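Top line first, the protein sequences correspond to chains A and B.
Numbered by my numbering, the letters in the first sequence go through residues 11 to 155 in order.
Numbered by my numbering, the letters in the second sequence go through residues 11 to 155 in order.
Cβ atoms here follow ideal geometry from the backbone N, Cα and C, with glycine treated the same way.
Here the structure is a predicted model, which is why all the values come from computation and not from measurement.
Protein chains: 2
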Amino acid sequence: MDRTLLGLGGKRPSEVDQLPDAYASACPTRQALDRIADKWTVLILGLLESGPMRFNQLRREIEGISQKMLSQTLKSLERDGLVSRKAFATVPVTVEYSITPLGATLAETLVPLRMWAETHIAQMLEARAAYDRDDEDAPVRLDVA
Amino acid sequence: MDRTLLGLGGKRPSEVDQLPDAYASACPTRQALDRIADKWTVLILGLLESGPMRFNQLRREIEGISQKMLSQTLKSLERDGLVSRKAFATVPVTVEYSITPLGATLAETLVPLRMWAETHIAQMLEARAAYDRDDEDAPVRLDVA
DNA sequence: GAACTAGGTTTCCAATGGTGACTTGATGCC
DNA sequence: GGCATCAAGTCACCATTGGAAACCTAGTTC
Numbered sequence: 011m012d013r014t015l016l017g018l019g020g021k022r023p024s025e026v027d028q029l030p031d032a033y034a035s036a037c038p039t040r041q042a043l044d045r046i047a048d049k050w051t052v053l054i055l056g057l058l059e060s061g062p063m064r065f066n067q068l069r070r071e072i073e074g075i076s077q078k079m080l081s082q083t084l085k086s087l088e089r090d091g092l093v094s095r096k097a098f099a100t101v102p103v104t105v106e107y108s109i110t111p112l113g114a115t116l117a118e119t120l121v122p123l124r125m126w127a128e129t130h131i132a133q134m135l136e137a138r139a140a141y142d143r144d145d146e147d148a149p150v151r152l153d154v155a
Numbered sequence: 011m012d013r014t015l016l017g018l019g020g021k022r023p024s025e026v027d028q029l030p031d032a033y034a035s036a037c038p039t040r041q042a043l044d045r046i047a048d049k050w051t052v053l054i055l056g057l058l059e060s061g062p063m064r065f066n067q068l069r070r071e072i073e074g075i076s077q078k079m080l081s082q083t084l085k086s087l088e089r090d091g092l093v094s095r096k097a098f099a100t101v102p103v104t105v106e107y108s109i110t111p112l113g114a115t116l117a118e119t120l121v122p123l124r125m126w127a128e129t130h131i132a133q134m135l136e137a138r139a140a141y142d143r144d145d146e147d148a149p150v151r152l153d154v155a
C-alpha cells in the first residue's frame, strides 16, 4: 500500500508529519490545495484543456463569472505556472490564454471530479430533498437517539 | 472517445448543451461542482475516508478550520448525503460523523487531487517565485509583444 | 460551586466576490 | 471630425462569506 497523502490506512496525519501534510495549515501542500480547490479554477482549466482561448471567449463560455474574478483567477493561475498568457499586437489587442504542461497534469486530475458531478448529481439532489422534507415533518430535530 | 463533461475534443459546451453542462450556471452539475470544490470539503472527506470521526477530533486534525466552518460544512455535507451524523446519548453527548457510500465515491476522485498537490507543489512555488522575480526586474509589465 | 468536557450557535468584524462604470487605443461609420 | 465599438482589463462600491471569540446546554469532576 502506498502512503499517499490521504488514505492513510488509519494513521492520523500527526503520526506522519514528516511527510507533506495537507492538514497542517502551514504546509505548502495545503496552500496548493487551497489554491486549486475553487470552482473557477476547475472550470477554466477544463476549458483551456482543449485549446487556447481568449479572455472574452472564456467569459462567454463560463456563465456567471464576473470579469473581475476571471482576470483575477487567470492572473493567479499564470503566477502559479498553470496557464500562460500571450498578447498579440493586433488591432484591438488580442490576448490568448493556454494551459502549460504543468497545468495540463492538474487538468487531468480534475476530469474525474467533473465526471463525478455529472453522474452523481441526481443522488445528491435526492438526498437533499429527503433531508429538507424530514426537516419539515419534524421541525424540532432530535439530536440524541 | 467518450463524451465526458469536458475534454470535449474541440467542441464548445454551447454545441453540446443537451448534455449536462457545468458551464451553464443553472445546470445542476455546475451546482454540484460549486458545492464540492472547496477546500474544507476536500479535507473533511479525506479524513472521514479512513473511518468515522467525532466533531472535535476533526477540528483538531484540520489545522486552521473554525468551529463555524466545520459545523457548517458538515451540515451541508450531511444534507447532500455525503456524510452521515450519529449522536449517542453518552455522558457528554458523542457525535460521530462517517462517510456514506455516495461520499466515498467522491472521496476516491479527490485522492488524485491531493496527490497532485503533494507532487507538484514544488513546481508551483518555483513558477510563482520566478513570476514575482520578473515583476521586480520589470516593474512595468509589457502587455504587448 | 467553579471549572471542564463535547458539540455546537451567535455575534461581530474583516476579507472575499459580484456589479457596473470607467479606461485605453485603434478602427469603422456617418 | 466626432461618435460608437471592441478587447481586455481596472476601479469603486456593496453584499455575502469566513474567521475569532464569546456564549450555551448538560452532565462531571474537584
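Item to check | Any alpha helix (DSSP H) of 4 or more consecutive residues that is wholly inside the segment 52 to 77 of chain B | outcome: Within the segment 52 to 77 of chain B, the complete alpha helix (DSSP H) runs of at least 4 residues are 65 to 71.
Checklist entry - Per DSSP, what kind of secondary structure is R22 of chain A in: helix, strand or coil? => result In the first sequence, residue 22 of chain A corresponds to position 12, counting from 1. Reliability of the predicted coordinates at R22 of chain A is poor, the pLDDT of 44 falling under 50, and no value is obtained from them.
Checklist entry - Which of helix, strand or coil does DSSP assign to T83 of chain A? => result Here residue 83 of chain A refers to the residue found at position 73 when the first sequence is read from its first residue. In the structure shown, T83 of chain A sits in a helix (DSSP, three-state: H, G or I).
Checklist entry - Quick one, which residues of the segment 132 to 146 of chain A are near chain B if we go by CB-CB under 7 Å, in chain order? => result The residues in question are Q133, M134, L135, A137, R138, Y141.
Checklist entry - If the cut is a Cβ gap below 7 Å, which residues of chain A does I109 of chain B touch? => result Here the question's residue 109 of chain B lines up with position 99 in the second sequence. Near I109 of chain B there are no residues of chain A at all, since even the closest Cβ is about 12 Å away, more than 7 Å.
Checklist entry - Going by other Cβ atoms of all chains shown within 10 Å of its Cβ, with 16 needed for buried, is T128 of chain B buried or exposed? => result Residue numbering aside, residue 128 of chain B sits at position 118 when the second sequence is read from its first letter. Reading off the sequence, residue 128 of chain B comes out as Glu, not Thr. With 16 or more neighbouring CB atoms inside 10 Å of its own CB, E128 of chain B falls in the buried class.
Next on the checklist: For P38 of chain B and W50 of chain A, what's the separation of their Cα atoms in angstroms?
Outcome noted: Position 28 of the second sequence, counted from the start, is the residue given in the question as residue 38 of chain B. Position 40 of the first sequence, counted from the start, is the residue given in the question as residue 50 of chain A. For P38 of chain B and W50 of chain A, the distance between alpha carbons rounds to 16 Å.
Next on the checklist: Taking only three categories from DSSP, how would you classify T104 of chain B?
Outcome noted: Mapped onto the second sequence, residue 104 of chain B falls at position 94. Under the three-state reduction of DSSP output, T104 of chain B falls in the strand class.
Checklist entry - So, is A139 of chain A buried or exposed, given that buried needs 16 or more other C-beta atoms within 10 angstroms? => result Here residue 139 of chain A corresponds to residue number 129 of the first sequence, with the count starting at 1. Under this definition A139 of chain A is an exposed residue.
Next on the checklist: Taking its Cβ as the centre, do 16 or more other Cβ atoms sit within 10 Å of R142 of chain B, making it buried, or is it exposed?
Outcome noted: Taking the first residue of the second sequence as position 1, residue 142 of chain B is located at position 132. Note on residue identity: the sequence assigns Asp, not Arg, to residue 142 of chain B. That one is exposed.
Checklist entry - Going along the chain, which residues of its own chain have a beta-carbon closer than 8 Å to the beta-carbon of M134 of chain B, five neighbours each way excluded? => result To locate residue 134 of chain B, count along the second sequence from 1; it is residue 124. Here the set comprises nothing.
Checklist entry - So which residues on chain B does P62 of chain A lean against when the C-beta distance must stay under 9 Å? => result Within the first sequence, numbered from 1, the residue matching residue 62 of chain A stands at position 52. None at all; the shortest Cβ gap to chain B is about 12 Å.
Item to check | 8 Å Cβ cut-off: residues of chain B touching L84 of chain A | outcome: Start at 1 with the first residue of the first sequence, and residue 84 of chain A comes out as number 74. Simply none; closest approach about 13 Å.
Checklist entry - For R89 of chain A and chain B, any beta-carbon pair shorter than 8 Å? => result Position 79 of the first sequence, counted from the start, is the residue given in the question as residue 89 of chain A. So yes, R89 of chain A belongs to the interface.
Item to check | Contact under 8 Å by Cβ, A117 of chain B with G56 of chain B | outcome: For the purposes of this step, residue 117 of chain B is identified with residue 107 of the second sequence, where counting begins at 1. For the purposes of this step, residue 56 of chain B is identified with residue 46 of the second sequence, where counting begins at 1. In this structure, G56 of chain B lies closer than 8 Å to A117 of chain B by Cβ.
Checklist entry - Quick one: does V52 of chain A have its CB under 8 Å from some CB of chain B? => result For the purposes of this step, residue 52 of chain A is taken as the residue at position 42 of the first sequence. So yes, V52 of chain A belongs to the interface.
Checklist entry - Counting pairs of beta carbons, one from the segment 108 to 123 of chain A and one from the segment 106 to 126 of chain B, are three or more of them closer than 8 Å? => result Segment contact: the segment 108 to 123 of chain A against the segment 106 to 126 of chain B, three or more CB-CB distances shorter than 8 Å; contact assigned.
Next on the checklist: Just to confirm before moving on: does the CB-CB distance between L53 of chain A and S108 of chain A stay below 8 Å?
Outcome noted: On the first sequence, residue 53 of chain A is found 43 positions in, with the first residue counted as 1. On the first sequence, residue 108 of chain A is found 98 positions in, with the first residue counted as 1. L53 of chain A is not a Cβ neighbour of S108 of chain A, given a cutoff of 8 Å.
Next on the checklist: For a contact defined as C-beta to C-beta under 7 Å, what are the partners of E73 of chain A on chain B?
Outcome noted: Within the first sequence, the letter at position 63 stands for residue 73 of chain A. Neighbours of E73 of chain A on chain B, chain order: Y33, A34, S35.
Next on the checklist: Would E106 of chain A pass as an interface residue toward chain B - the criterion being a Cβ-Cβ separation below 8 Å?
Outcome noted: As a position in the first sequence, residue 106 of chain A is number 96, starting the count at 1. No, E106 of chain A does not count as interfacial toward chain B.
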